[in-house]
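Asks:
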Amino acid sequence: MAFWRPGAPAPAHADPWDLDCDAEKHRALPVFNPSDRLPVEQQRRRLPIHRHRLAILHAVESHRGVVLCGATGCGKSTQLPQYLDEAGWTAKGYVVAVTLPRRLAAIAVATRVAQEMGAELGREVGYRIRFESCVTPGVTRLEFITEGILLREMLSDPLLTRFSVIMLDEAHERSSNTDLLLGLLKKIARKRPRLRLIVSSATLDAGAFLNFLQQKSRTGAGRLTGDVPGVRKRVNHSLDG
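For the sequence shown, position 229 (counting from the first letter as 1) is numbered 228 according to numbering that gives the first Met the number 0, and the numbering increases by one without interruption.
#1: CB Leu83 to CB Val164, shorter than 7 Å?
#2: From Ile244 to Gly121, what does the alpha carbon distance come to, in whole angstroms?
#3: If you count every other CB in all the chains shown that lies within 10 Å of the CB of Leu103, and 16 or more means buried, which is it?
#4: How far does the beta strand (DSSP E) with Gly125 in it reach, from first residue to last?
#5: With distances taken Cα to Cα, identify the nearest neighbour of Ile128 among Glu119, Ala113, Ala105 and Gly69.
#6: Would Ala109 and Tyr126 qualify as a contact pair, given that the criterion is a beta-carbon distance under 7 Å?
#7: In its own chain, which residues sit with a C-beta less than 8 Å from the C-beta of Phe162, not counting the 5 before and 5 after it?
#8: Specify, as a first and last residue, the run of the alpha helix (DSSP H) that Arg151 falls within.
#9: Please determine, among Gln78, Leu46 and Thr135, the residue with the shortest C-alpha to C-alpha distance to Asp168.
#10: Would you report the Cα separation of Val30 and Leu150, rounded to the nearest angstrom?
#11: Spell out the partners DSSP gives Cys68 in its beta bridges.
#12: Taking Cβ positions, are Glu146 and Leu180 nearer each other than 7 Å?
#13: At the level of alpha carbons, what is the spacing between Pro80 and Phe130?
#14: Whole angstroms is fine: what's the gap from Ala136's alpha carbon to Val124's?
#15: Are there 16 or more other CB atoms within 10 angstroms of the CB of Arg39, so buried, or fewer, so exposed?
#16: Around the Cβ of Arg50, are there at least 16 other Cβ atoms within 10 angstroms (buried) or fewer (exposed)?
#17: Consult DSSP for Ser174 and reduce its assignment to one of helix, strand or coil.
#18: Any idea if Glu23 is buried or exposed, counting beta-carbon neighbours within 10 angstroms, 16 or more meaning buried?
#19: Entirely within the segment 67-126 and at least 3 residues each: give me those beta strand (DSSP E) ranges in chain order.
#20: Check Arg36 in the structure and name its three-state DSSP category.
#21: Between the Cα of Lys190 and the Cα atoms of Val134, Thr160 and Ser174, which residue gives the shortest distance?
#22: With a Cβ-Cβ cutoff of 7 Å, do Cys73 and Ala205 count as a contact?
#23: Could you name the residues of the same chain whose beta carbon sits closer than 6 Å to that of Ser76, not counting the 5 residues immediately before and after it, in chain order?
#24: Please tell me whether Ala86 and Leu53 are closer than 7 Å, where the distance is taken between their beta carbons.
#25: Please report the straight-line C-alpha distance between Ala188 and Asp178, rounded to a whole angstrom.
Following this line, the structure appears as structure tokens:
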């Protein structure tokens with residue numbers, strides 16, 4: 000391939016992407032979701048967590064605290080909030096909150112869930128991060144928020160009365176906010192027997208979290224039998240030279 004010197008006549012293909020190639024063939028390379036051509040409902044059913052749907056909902060109904068171990072790609076972050084919404088945990092104006100350690104993760108997951116539900120982001124599904132709120136009070140049923148936002152909400156609503164379920168996702172990172180939230184939520188659960196706490200992660204020491212939730216508490220924490228497997232992704236390496 001000859002180098003194009005500045006000032007020289009432009010080559011036949013000035014645009015490096017304007018090449019004579021099969022666009023459909025090359026389109027498949029950067030696609031992260033191999034099932035993107037399927038209807039959304041079929042995509043959801045192909046996720047490993049779908050076969051555990053009823054078991055998870057039964058555990059949430061039967062126990063105040065649930066520890067869920069799910070490998071990366073199983074669908075726990077996007078599907079579990081939708082399962083809770085479909086099971087009626089957002090009825091009577093209640094909200095299901097999902098905390099994530101990073102702002103970008105909260106926005107990305109909320110965007111995906113809104114897409115799957117066919118909802119407008121900021122209406123039934125929304126997110127709240129520092130300096131930005133994309134929710135509609137009284138309309139939003141699923142909120143994806145950072146841990147700091149939930150801690151700040153406790154200042155105005157110590158018992159978090161708006162929420163029916165609080166899911167701490169990616170809990171294995173164990174930041175200071177995570178530990179503080181767990182301690183406060185454990186105390187709130189004593190005052191609100193119907194509040195449900197879900198601790199989920201891809202790599203999690205379930206025993207440690209279960210012991211904490213059950214120690215000197217009546218939360219009735221329970222862990223699902225077995226872990227939810229993930230989905231292995233094929234990685235393509237492309238070297239340009």
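Where is the CB? At the ideal position from N, CA and C, for every residue including glycine.
Replies: On the basis of the supplied data:
#1: Against a cut-off of 7 Å, the Cβ pair of Val164 and Leu83 comes out as a contact.
#2: Residue 244 lies beyond the stretch modelled for the chain, which goes from 0 to 240, so this question has no answer here.
#3: Leu103 counts as exposed, since fewer than 16 other beta carbons sit within 10 angstroms of its beta carbon.
#4: Annotation: the continuous beta strand (DSSP E) that includes Gly125 extends over Val124 to Ile128.
#5: The option with the nearest alpha carbon to Ile128 is Ala105.
#6: Annotated as proximal: Ala109 and Tyr126, with beta-carbon spacing under 7 Å.
#7: So the list reads Tyr93, Val94, Val95, Ala96 and Leu194, once near-sequence residues are dropped.
#8: Looking at the DSSP string, the run of the alpha helix (DSSP H) that includes Arg151 is Glu146 to Ser155.
#9: Of Gln78, Leu46 and Thr135, the residue nearest in Cα terms is Gln78.
#10: Model confidence at Val30 stands at a pLDDT of 46, short of 50, so the residue's coordinates are unreliable; what they give is reported in the following sentence. Our two residues, Val30 and Leu150, have alpha carbons roughly 37 Å apart in a direct line.
#11: BP columns for Cys68 point to Ser200.
#12: Yes, these two residues count as a Cβ contact at 7 Å.
#13: In this structure, the straight-line span from the alpha carbon of Pro80 to that of Phe130 is close to 24 Å.
#14: Looking at the sequence shown, residue 136 is not Ala but Pro. Computed Cα separation, rounded: 11 Å.
#15: A small correction: the amino acid at residue 39 is Val; Arg does not occupy that position in the sequence shown. Exposure of Val39 is indicated by the presence of fewer than 16 other C-beta atoms within 10 angstroms of its C-beta.
#16: So Arg50 counts as exposed.
#17: Three-state result, Ser174: coil.
#18: Note that Glu23 has pLDDT 43, beneath the 50 cutoff, so the model's placement of it is unreliable and no number is given.
#19: Complete beta strand (DSSP E) runs here, min 3: 94-99.
#20: Coil.
#21: Answer by Cα proximity: Thr160.
#22: If you check the CB distance, Cys73 and Ala205 do not come in under 7 Å.
#23: Correct list, in chain order: Val108 and Asp168.
#24: No, Cβ-Cβ distance for Ala86 and Leu53 is not below 7 Å.
#25: Distance between the alpha carbons of Ala188 and Asp178 is about 15 Å.
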